[in-house]
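Residue numbers (the numbering used here): 511 to 826.
Set out below in structure tokens:
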């Protein structure tokens, strides 16, 4: 017989619910600098296009995020305690017409190893296992997404060094690494992101095996491998396109207008999925009536678009 689980205290439940009630679902307006180190191009495309429903984050995890914010304050205080000047916290990063975006944790002057060099700052907290991986393998190998943040920040602000400072949440140990700017890496990554941003079709999967460990824990697994329908927003619509020359601007060819963020999230009755997002074979379409018809993986025929309400799924 399995043990009967002990009930969670009402006070704890109330605290977690309060975190959940205060949390706002956030859709990135572009490709986050914190995700550029992700080797899966398709995951970056899906993030940009908002194809998956926002993740439901429970109160305990939200509390962990809050604790991470407090650790950042502690690490800034640590640096100031030894005479390092920290400034420019939360300065914005905008690249590729604003479609690559993020914020830096700060900049520092007076770093002990090179006091006259301005350093970008990236502050992180980690559990004991992750901390030991970082110490052993260093940032680039152990945490590629952190490395990407460091490089993109240095590139945007014109800096040559980043101070990567990590705290072990288990025992308060610190790890510091000075990362050197790699211009070639940054240029390649920006070009990679622009290919993803300004292409209607999603890139190839990282793996065709849904049980591949990097796919198994991806938030887009259901859409990418499982045939789930993408979320309905303007960014999953055939009429919407990211634009150059603005700050993460999008426009709609159907209505010939720029799209505000609230409009993008709400979509409109003329929404028509990008065909490459549908887990089926396109078999017919009508530009005049604004519909596209697919043969789905299970053999049924499905029509997407304005006239679809007059049609039902039929057997192939």
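Built from N, CA and C at the ideal position, the CB exists for glycine as well.
By DSSP, does residue 821 sit in helix, in strand, or in coil? Start at 1 with the first residue of the chain shown, and residue 821 comes out as number 311. Because residue 821 carries a pLDDT of 44, less than 50, the predicted location of this residue cannot be relied on, and no value is offered for it.
How close, in whole Å, do the beta carbons of residue 614 and residue 631 come, if the pair is a contact with beta carbons under 8 Å? As a working note, residue 614 is residue 104 in the chain shown. As a working note, residue 631 is residue 121 in the chain shown. Going by Cβ atoms, the distance from residue 614 to residue 631 rounds to 7 Å, so yes, they are a contact pair.
If you compare alpha carbons, which of 536, 799 and 577 is closest to residue 680? Taking the chain shown and counting its residues from 1, one reaches residue 680 at position 170. The shortest C-alpha separation from residue 680 is found at 577.
Inter-stretch contact at 8 Å, needing at least 3 Cβ pairs: the stretch 658 to 666 / the stretch 701 to 715: no
When the Cβ atoms of the stretch 800 to 814 are set against those of the stretch 769 to 783, are three or more pairs found closer than 8 Å? yes
In its own chain, which residues sit with a C-beta less than 6 Å from the C-beta of residue 658, not counting the 5 before and 5 after it? For this step, residue 658 is matched to residue 148 along the chain shown. If we look at residue 658 and ignore the five residues flanking it on each side, its Cβ neighbours are 546 and 547.
Using 8 Å for Cβ pairs, my map puts residue 629 next to residue 671. What's the rounded Cβ distance? The count along the chain shown starts at 1 and reaches residue 629 at position 119. The count along the chain shown starts at 1 and reaches residue 671 at position 161. Confirmed, about 5 Å.
Sequence-distant residues of its chain with Cβ nearer than 6 Å to residue 633 (five each side left out): Counting from 1 along the chain shown, the entry for residue 633 is found at position 123. So the list reads 582, 585, 615 and 675, once near-sequence residues are dropped.
Taking 7 Å as the limit between beta carbons, can you name the residues of its chain near residue 794, skipping five residues before and five after? Position 284 of the chain shown, counting from 1, holds the residue named residue 794. If we look at residue 794 and ignore the five residues flanking it on each side, its Cβ neighbours are 803.
Can you check DSSP and say which residues form a bridge with residue 739? Sequence index remark: in the chain shown, residue 739 carries index 229 (1-based). In the DSSP assignment, residue 739 is bridged to no other residue.
Where in the stretch 633 to 714 do unbroken runs of the beta strand (DSSP E), each at least 3 residues long, occur, reported from the N-terminal end onward? 671 to 678 and 684 to 690
Since residue 790 and residue 607 are thought to touch, with beta carbons under 8 Å apart, how far apart are those beta carbons, to the nearest angstrom? As a first step, residue 790 is located in the chain shown; it is residue number 280 there, counting from the start. As a first step, residue 607 is located in the chain shown; it is residue number 97 there, counting from the start. In this structure residue 790 is not in contact with residue 607, their Cβ atoms being roughly 33 Å apart against a cut-off of 8 Å.
In the DSSP assignment, the beta strand (DSSP E) including residue 804 goes from what residue to what residue? In the chain shown, counting from the first residue as 1, residue 804 sits at position 294. Residues 801 to 806.
Under 8 Å from any heavy atom of the ligand NAP, does the C-beta of residue 542 make it? Because no ligand of any kind appears in the structure shown, any question about the ligand NAP cannot be addressed here.
Where does residue 560 sit, in a helix, a strand or coil, going by DSSP? If you number the chain shown from 1, residue 560 lands on position 50. Three-state DSSP puts residue 560 in coil, outside helix and strand.
CA-CA distance, residue 573 and residue 788? In the chain shown, residue 573 corresponds to position 63, counting from 1. In the chain shown, residue 788 corresponds to position 278, counting from 1. Rounded to whole angstroms, residue 573 to residue 788 spans 36 Å at the Cα level.
From residue 644 to residue 677, what distance separates their C-alpha atoms? As a first step, residue 644 must be located in the chain shown, where it is residue number 134. As a first step, residue 677 must be located in the chain shown, where it is residue number 167. Roughly 11 Å separates the two Cα atoms.
DSSP-derived helix/strand/coil call for residue 728: Indexing the chain shown from 1 puts residue 728 at position 218. It is coil, neither helix nor strand.
Going by alpha carbons, who is nearest to residue 495 out of 722, 761 and 571? For the chain, the structure presents residues 511 to 826; residue 495 sits outside this window and is missing.
What is the C-beta distance between residue 661 and residue 703, in whole angstroms, given that I count them as a contact (C-beta under 8 Å)? Translated into positions along the chain shown, residue 661 becomes position 151. Translated into positions along the chain shown, residue 703 becomes position 193. No, residue 661 and residue 703 are not in contact; Cβ-Cβ is about 13 Å, not under 8 Å.
Residue 535, buried or exposed, once every other Cβ within 10 Å from all chains shown has been counted against 16: Counting from one through the chain shown, the residue named residue 535 turns up at place 25. That one is exposed.
In this structure, what does DSSP give as the bridge partners for residue 757? One-based indexing of the chain shown puts residue 757 at position 247. Answer is none; residue 757 lacks a bridge partner.
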